[in-house]
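Down below is the structure, laid out as structure tokens.
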Amino acid sequence: DIIMLDNMPVEQMEVAVKLIRVRNNNIKIEASGNVTLKTIRAVAETGVDYISSSAPITRSSWLDLSMRLGSWDKQ
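For the sequence shown, my numbering assigns the number 9 to the initial residue and increments by one for each residue that follows.
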């Protein structure tokens, strides 16, 4: 089992982790939502087991690539 704590302030996450651990220490806990390089250490220090973040994708510069495919007909 896993519980995801999504878009929570770090202070609220700390409380949630403690409540979950008291109830069942074997449940895995994941933090997600608004996790950035600035907040990841504080999120990790709450005691969650996993951290997921879309920041590397959504807050990065985009690179527009294209590929053209031609025919490989042998003549």
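Glycine is no exception: its CB is placed at the ideal position from the N, C-alpha and C atoms. No experiment lies behind these values; they were computed from the predicted model shown.
| Query | Result |
| --- | --- |
| Beta-carbon proximity of V56 to E38, cut-off 8 Å | yes |
| Pairwise C-alpha distance: I35 and I10 | 6 Å |
| Outcome for L13 when other beta-carbon atoms lying within 10 angstroms are tallied against a minimum of 16 | buried |
| Segments assigned alpha helix (DSSP H), at least 4 residues, entirely inside the stretch 13 to 78 | 18 to 31, 48 to 52 and 63 to 66 |
| Nearest-angstrom Cα separation, counted from L73 out to L27 | 47 Å |
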